[in-house]
Every structure is written in C-alpha cells, then in structure tokens.
Amino acid sequence: MASSLPAQWDAEVDFVSVGSGIGGLSGAIAAHEHGLSAMVLERADQLGGVTALSMGEVWVPGNAHARALGIEDSAASAFRYVRQLSMGYGEDALILNQVVHAAPALAWFEDRIGLKMEVIRGCPDYYRGHSNDAVSEGRLLEPAPFRGEALGEWQERTRVSPQVPYGLTHDEIYAMGGTCNVMHWDYTEMARRLAEDERCLGPALAAYFVKGVLDRPIPVETGAEVREVLIDGERAVGVRYVKDSRDHFVKARRGVLVAVSSYDRNPELTRTLGPQLDPGSMVTFGTVDGAHFRLVGALGARIARMPDVTMLGYNIPGEETQDGTPLWRGGMTFIGLPHTIVVNRAGKRFANEGFYRSIYYAVDAIDGGTQTHPNFPAWAILDSQARGKYPLGSIMPGDEVPEEVAVKADSLAELAALTGIDRDGLEETVVRFNRFAEAGVDPDFNRHAYPWGAWLCGDANHKPHPQLGPLLKPPFYALRFKRLTGSAIASTGIVTDRHARAVNWDGEPIAGLYLAGNSVSRLDNGAVMQSGMSNARGMTHGWLAAKHAAGQPSDLLDRALKEHAGG
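Residue numbering for the sequence shown follows the UniProt record's numbering, beginning at 1 and increasing consecutively.
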C-alpha cells in the first residue's frame, strides 16, 4: 500500500472512532480507560447513530443480571444456539468470540460508565421451542431509564427515535398488554418521562454511551465526514475528514475504528450487496450509506455477505424523517396479530406472519421457472375486528385509514378486484385460515408455535391463541407493502478477526484498522439474527478493538477454545 500522509497533522491522538453509535462510542471509552487518548468523529449533527433508533436491546448470554434472577445460562449454550441457526454461514471461532466476550464487555461498561441494564422479563429467544439451547428469558436486556438533562449541552444533540415509544421500558409496555393494546395503556408515566426527557429503549442506550464519552476528555466532532483512512506502508495511521468545507487530518497512533453502521440509505448498495430491490429505510437520517466500504475497501479489506431478510413496511401520509424522506414503519408488530394475514398476488399465505424471520425471508423467494418473485408484491389483509382493536402505526383503532395506506371494501371479492389479488385464492385462503384461527393452531405455517412472536406481536387477551383470530367482519382492508431494508442490520460487511481488526483478501489483519457493529460482516452469527444481537456486537467489537490497540488484547477466546476442545 502506498503512503498517503499529509504534510501536517491537525490533531494527534492514539485512537480515532469514526461513528457515534454504540460501536464507535464503546471503542473510544474503552481506549481511554486502557490508557489511550481518543477522539470521536460523527458525520451527522447528532450523536447516537442507529443505536438511538433501536429498541435498546442487547443480547448477552450468561449475563450477571440473569444469574441474579436464578436463570441458568452459559456461553457454551449460546454458542450451540447460534451455531445451529447460523446454517453454516458463520465461522465457529467468531461465533464463540462474540458469545464469550459479550457478558464481560457489558459488565465492564456497567462498572466504568454507570450503564444500567435490566433483564426483559418473559422475553424468550427467537427459537424457543425449536432449539434446546434457546432460553425462555434472561439473554435479552434493556437499559434503565436515562435522564436526558445529564447530557448537558449535548442533550438536544443526542438522537431520539420517532418510531419507538421511548418513554416506556419493555417491561412496562408488556405489563400493559404490549403495543397492540395502546388504547388501554396508562400514559401517566410515559407523559412524565417525555416531559422530563427521561429516555428508555434505544435513545437511553445511546445516551448512556454518549455520557460515557462526555465524562472523559474525549474530543467529539459532529458534522465531520471522514473521507479517507490514511496509511503509512501497510498500517492505518489516521484519517482525513471534511468539516465546514475544509480538510482536517487526524493522526491515530494506535488505531482507527470504523463504526459507521451499514448502507440502508444507499439504494445501489442495498440492491447489489443486500437482497432488497427499491427499498425504503427505517433509518431516519441519510448518513448510513455504506461509507465503511469506501473507507476501508481501498486498503484491501475483504467483504462477506450473509443471507438475510427483506422487511416489509408502509408510510402514513404526512409522516416524514428529519431530511424530508418518508418515515417508513415496519409491519412486524401488526401482521402477526389476530384477524390479520399476509398474502401474495395469488391470494395465498406464504409464511408465518407472526415470526418475522419466516415471513421476511419468504418475501424475496424466486421462482426459477418464471424468474419472478411469487411473494412480492404482498398485502396485509385485515378485517374490522383488527381495526377496532389494534393500532396501525399512528392510526389508532377507530380512526379512518387513509386510502394511500390501505384499500377498503365490503367483501373479499371487492377487495381482490381493487388490488389485483386473485379473488378465488384470497377467499379460499381466508376460509382456511379462519378454521385454523378458531382452533388456535396453524398447521400450514406454525404461527402458533413461536413464543417470541406471541410475546412481540400477540394479543395476550385474545383466545384461543394470541396471534390467531378469524377474518369475519367487513369492511376488509388490504395494505400493500413496500420492501424495507433491515434497519441498518446489513447482509454484507467487512470481515474482521477476533480483535475486530479488518482482514484483507489474503486473510491477514490490516494493522491499525478496526471495525465495529453493523459495519462488520456477520460471520459471528451467520444466517441468524436475534433482537439485541446488533447492539451487543457493536459494544463488544468496540471494546475488543480498544483493548487490542492498547496492547491488552483479550485472551478469553483462546481459553474458550481450549475448553471447547477439551469438552
């Protein structure tokens, strides 16, 4: 690699974090605590990245909070769980690396920055009932509420989410019947928290890590677009960033950490690196556009792609993001509710609507005989029972559904005519599904058999099953979905080693170059994804990168490999 050094540096530190989500912030904090000087560069005007848009979950097997509740778990069990579901696309050593380091990394940040996490009670692993190593609760954690005023002058400059109810915790939401029961929530505590800017979920998780940086002498620059990782021989030694139309050069004596998330807002990359065609994005700001590929690709970093889903969603007229693009809402939380199904143009169900890994993988199935996607376009079909009980994003029960969101008709035949769905197929599908719903069992797609799906998007008050209810009461509705990206959880990323160092096409680490979070290839989980894995990966990668850059690399993987070999 040729040298690309500037004549003069504008600043010098040991460790530069590019990006201010949990990956970049954890790296900067850990670098400082391990004796290095650090800096954070953020392209947007607010801190928190996509971490602040998330539900704030971290998936951490064998954590101390679960142990305190008497929940038995281990990294070995979690390794078997992820390995089984990775479908062979992951790498065993990297899967093990993540599961053995997540709990120590979490405990370290709880000790150093005052991070407060709690078990989300009653929340099972995705594949509970389908894997012997899935647990009924304990691995998924969320942050305790965080007071925004603690951020001082950065309070308004630390991101919150327009898509998650960040005035409540998971436990509070599900104690009140879940998101399907919003009409009957007690909003007293939520109103107080919003008035006092006490944040929960993703905005809280991001804020804890922002506060961790602000409490330390770690310079933070926003509006700083890193254009180049600088090299000396074969080592990354700094960055060039642009701010206020001027180049700035920062020397990084020990390492550069690229943690800029994925490529959700780049349509060309979502088409060529992910499975999505013409997708919308639930990421509400435009800087998540694949910058990591541009930054480290020139240094020879290798990429890898994992199988992943295309999500489905919709836009409500008048709802926009801060940059004026449509605010897309995911369909995950309502398509698995009673009195609702999803069909293709043939009017047929094609997967378990109540478990997003089932329905969303099926969206992009290809019929090789016709070179078509038989399951897209796709529509949510629901009746007036669903509309009378459950919200549709910000459209509350009893509100009229805008024509731009869903077609309305007094019969299934009329609904089919208005949408182009096959009438006979739709009518037959509804009759068949209604029989299953009355019995509380779905033999076609096992919608009844996934406890996590029932926890997330079921109605606990509905019998005989929280996700199965017949479509009987007109008028009927058909909501045509748009493809959505994976909320910054990417199919393709940069390959890293156990220390979060970028790896080149010869399989060798690139000295001084680290990556974290959604910028990293998911070789540490392969074809599976769990709520909380993305945030946990970012936190763990940043911690491992800083430890290595400080000359204190973790040896936990070596110890785990010896135990694994011995067992």
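Beta carbons are placed, not taken as given, at the ideal position from N, Cα and C, and that holds for glycine.
Q: Give the DSSP-derived three-state secondary structure of residue 476 in the structure shown.
A: In the sequence shown, counting from the first residue as 1, residue 476 sits at position 476. In the structure shown, residue 476 sits in a strand (DSSP, three-state: E or B).
**Q.** Given residue 540 as reference, the closest of 67, 81 and 105 once Cα atoms are compared
**A.** Locating residue 540 in the sequence shown gives position 540, counting from the first residue. Nearest C-alpha to residue 540: 105.
Q | residue 465 versus residue 122 - alpha carbon distance | A | Within the sequence shown, numbered from 1, the residue matching residue 465 stands at position 465. Within the sequence shown, numbered from 1, the residue matching residue 122 stands at position 122. Answer to the nearest angstrom: the Cα atoms are 17 Å apart.
Q: Mark residue 127 as exposed unless 16 or more other C-beta atoms lie within 10 angstroms of its C-beta, in which case mark it buried.
A: Start at 1 with the first residue of the sequence shown, and residue 127 comes out as number 127. Buried, because 16 or more other Cβ atoms sit within 10 Å of the Cβ of residue 127.
Q. From residue 56 to residue 369, what distance separates their C-alpha atoms?
A. Locating residue 56 in the sequence shown gives position 56, where the first residue counts as 1. Locating residue 369 in the sequence shown gives position 369, where the first residue counts as 1. If I take the Cα positions, the gap works out to 43 Å.
Q) How about residue 518 and residue 490: do their beta carbons lie closer than 8 Å? A) Looking up residue 518 in the sequence shown gives position 518. Looking up residue 490 in the sequence shown gives position 490. Contact: yes.
Q) In this structure, what does DSSP give as the bridge partners for residue 15? A) Working through the sequence shown from its first residue, we reach residue 15 at position 15. In DSSP, residue 15 forms a bridge with 38 and 255.
Q) When the Cα of residue 488 is compared with those of 461, 474, 475 and 529, which residue comes out closest? A) Locating residue 488 in the sequence shown gives position 488, where the first residue counts as 1. Of the candidates 461, 474, 475 and 529, the one whose C-alpha sits nearest the C-alpha of residue 488 is 529.
Q. Along the chain, which unbroken stretches of the beta strand (DSSP E) at least 3 residues long are found entirely within the segment 100-127?
A. 117-119
Q) In chain order, what residues of the same chain have a beta carbon less than 7 Å from the beta carbon of residue 362, not counting five sequence neighbours either side? A) Within the sequence shown, the letter at position 362 stands for residue 362. Only 350, 351 and 375 meet the Cβ criterion.
Q) Taking Cβ positions, are residue 220 and residue 441 nearer each other than 8 Å? A) Along the sequence shown, read from residue 1 onward, the residue named residue 220 stands at position 220. Along the sequence shown, read from residue 1 onward, the residue named residue 441 stands at position 441. Contact flag unset, no.
Q: Using alpha carbons as the reference points, say which of 560, 180 and 144 lies closest to residue 114.
A: For the purposes of this step, residue 114 is taken as residue 114 along the sequence shown, with counting starting at 1. When only C-alpha atoms are compared, the closest one is 144.
Q: List the endpoints of the continuous beta strand (DSSP E) containing residue 67.
A: The residue labelled residue 67 in the question sits at position 67 within the sequence shown. Unbroken run through residue 67 is the alpha helix (DSSP H), 64-68; no beta strand (DSSP E).
Q: Could you give the DSSP three-state label for residue 356: helix, strand or coil?
A: As a first step, residue 356 must be located in the sequence shown, where it is residue number 356. In the structure shown, residue 356 sits in a helix (DSSP, three-state: H, G or I).
Q. Looking at C-beta atoms only, is the number of pairs between the segment 501-514 and the segment 431-450 that lie closer than 8 Å three or more?
A. They do not touch, by the three-pair rule.
Q: Return no unless some Cβ of chain D is closer than 8 Å to the Cβ of residue 517.
A: Of the protein chains in the structure, only one exists, and it is not chain D.
Q | Given residue 419 as reference, the closest of 378, 452 and 448 once Cα atoms are compared | A | Within the sequence shown, the letter at position 419 stands for residue 419. Of the listed residues, the one whose Cα sits closest to residue 419 is 378.
Q | Buried versus exposed call for residue 5 [16 or more other C-beta atoms within 10 Å across all chains shown] | A | Sequence index remark: in the sequence shown, residue 5 carries index 5 (1-based). That one is exposed.
Q.
Using DSSP's beta-bridge definition, name the partner residues of residue 465.
A. Residue mapping note: residue 465 aligns to position 465 of the sequence shown, counting from 1. Residue 465 is bridged to 468.
Q: Tell me the start and end of each unbroken alpha helix (DSSP H) in the segment 293-338 that is at least 4 residues and wholly inside, in chain order.
A: When DSSP assignments are scanned along the segment 293-338, the uninterrupted stretches of alpha helix (DSSP H) that are 4 or more residues long and fall wholly within it turn out to be 332-335.
(Q) Considering only DSSP beta bridges, list what residue 137 is partnered with. (A) Counting from 1 along the sequence shown, the entry for residue 137 is found at position 137. In DSSP, residue 137 forms no bridge with anything.
Q: Give me the Cα-Cα distance between residue 448 and residue 467, rounded to the nearest whole angstrom.
A: On the sequence shown, residue 448 is found 448 positions in, with the first residue counted as 1. On the sequence shown, residue 467 is found 467 positions in, with the first residue counted as 1. Each residue's alpha carbon lies about 7 Å from the other.
Q. In whole angstroms, what separates the C-alpha of residue 512 from that of residue 546?
A. Counted from its first residue, the sequence shown places residue 512 at position 512. Counted from its first residue, the sequence shown places residue 546 at position 546. So the alpha carbons of these two residues sit roughly 11 Å apart.
Q: Tell me, please, which residues DSSP counts as bridged to residue 341.
A: Residue mapping note: residue 341 aligns to position 341 of the sequence shown, counting from 1. Residue 341 is bridged to 381.
**Q.** Cut-off 7 Å between Cβ atoms - residues of its own chain near residue 462, not counting five sequence neighbours on either side
**A.** Within the sequence shown, numbered from 1, the residue matching residue 462 stands at position 462. So the list reads 338 and 469, once near-sequence residues are dropped.
Q: Classify residue 348 as helix, strand or coil using the three-state DSSP reduction.
A: Looking up residue 348 in the sequence shown gives position 348. If DSSP states are grouped into helix, strand and coil, residue 348 belongs with coil.
Q. Who are the near neighbours of residue 409 in its chain, counting only those whose CB is closer than 7 Å to its CB and skipping five residues on each side?
A. Along the sequence shown, read from residue 1 onward, the residue named residue 409 stands at position 409. Around residue 409: 415, 418, 475 and 476.
Q. Anyone know if the C-beta pair for residue 103 and residue 49 falls short of 8 Å?
A. Stepping through the sequence shown from its first residue, residue 103 is reached at position 103. Stepping through the sequence shown from its first residue, residue 49 is reached at position 49. No.
Q) Which first and last residues belong to the beta strand (DSSP E) in which residue 441 is found? A) Reading the sequence shown from its first residue, position 441 is the one you call residue 441. Boundaries cannot be given for residue 441, as no beta strand (DSSP E) includes it and DSSP labels it neither H nor E.
**Q.** Same chain, Cβ closer than 6 Å to residue 31, five either side skipped, listed in chain order
**A.** Translated into the one-based positions of the sequence shown, residue 31 becomes position 31. Only 15, 38 and 546 meet the Cβ criterion.
**Q.** For residue 125 and residue 322, the rounded distance between their alpha carbons
**A.** Against the sequence shown, residue 322 aligns to sequence position 322. Against the sequence shown, residue 125 aligns to sequence position 125. If you take the alpha carbons of residue 322 and residue 125, they lie about 34 Å apart.
Q: Indicate the three-state DSSP secondary structure (helix, strand or coil) for residue 143 in the structure shown.
A: Within the sequence shown, the letter at position 143 stands for residue 143. Of the three classes helix, strand and coil, the one that applies to residue 143 here is strand, per DSSP.
Q. Where does residue 558 fall in DSSP's three states?
A. By 1-based counting over the sequence shown, the position of residue 558 is 558. Looking at residue 558 - three-state DSSP - the assignment turns out to be helix.
Q: Since I believe residue 117 is in contact with residue 141 (beta carbons under 8 Å), could you give me their beta-carbon distance rounded to a whole number of angstroms?
A: Position 141 of the sequence shown, counted from the first residue, corresponds to residue 141. Position 117 of the sequence shown, counted from the first residue, corresponds to residue 117. Contact flag correct, Cβ pair sits at about 4 Å.
Q: Please classify residue 388: is it buried, with 16 or more other beta-carbons within 10 angstroms of its beta-carbon, or exposed?
A: In the sequence shown, the residue the question calls residue 388 occupies position 388. Burial call: exposed.
Q: Using three-state DSSP, classify residue 131 as helix, strand or coil.
A: Taking the first residue of the sequence shown as 1, we reach residue 131 at position 131. Strand, per DSSP.
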